[in-house]
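So the structure is just underneath, and the comments pick up after that.
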Amino acid sequence: MGFSLRGEKDRFVLPPAFRKLVRDASDGQRVLCLAKHDRWPCLTGFGLSRIDEFADQIDREEGAALARGVEFDRDLRATQLYGFSEVPFDESGRFVLPEFLGQLGEIAGQAFFQGGGPFFTIWNPEALMAMGSGWEAAQAGCRALAAEASSGGRARR
């Protein structure tokens, strides 16, 4: 988990644990891949190596849809997966969130980072708080980190 307030020069800070994972997954490059999550009101972040998994992911999702007798649009799913933006970050993890992604993810002055594995999510805290059952741990973590950021006057890094 991590939390960042929008700082000077309109930059957010990628938390250290996420920074290391992304850099490692991007062959040492400081490149953060960002996209709108396909179901939730948030963004996804990941390293460049995840791109190599997209074709297999589409095949798996199509197979699961066919097994359930549900229509699957490969082109739409490919557009969703490959439609990410590459955003550079500096050694301290500072990055500028492209305006259109901020709008898609409803992220304005605060960002909560959650998750792990092949990707993580970036939330507007208000959008996260509106999620239903099953999100209690993320919501509690977000509240705690937001309070810490507010009281310290700086983003948690």
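Residue numbering for the sequence shown follows the numbering used here, starting at 356 and increasing by one per position.
Where is the CB? At the ideal position from N, CA and C, for every residue including glycine.
Computed from a predicted structure; not experimentally measured.
(1) Valine 332: which of Ser359, Val451 and Ile413 sits nearest, CA to CA?
(2) For glycine 471, which residues does DSSP report across the bridge?
(3) Secondary structure at arginine 512, three-state DSSP: helix, strand or coil?
(4) Work out the CA separation of leucine 403 and serine 488 for me, nearest whole Å.
(5) With three or more beta-carbon pairs closer than 8 Å as the criterion, would you say the region 428 to 447 touches the region 398 to 415?
(6) Hey, alanine 390 and phenylalanine 439 are a contact pair by Cβ (cut 8 Å); roughly how many whole angstroms apart?
(7) If we call anything under 8 Å between Cβ atoms a contact, is glycine 524 one with valine 377?
(8) Kindly indicate which three-state DSSP category glutamine 384 falls into: helix, strand or coil?
(9) Using the beta-carbon count (16 or more within 10 Å), is arginine 374 buried or exposed?
According to the data block:
(1) Absent from the structure is residue 332, since the part of the chain shown begins at 356 and ends at 512.
(2) Phe474
(3) Note that arginine 512 scores a pLDDT of 43, beneath 50, so its modelled location is shaky and nothing firm can be said.
(4) 32 Å
(5) yes
(6) 4 Å
(7) Given that the chain is displayed from residue 356 to residue 512, the structure contains no residue 524 and the question cannot be resolved.
(8) coil
(9) buried
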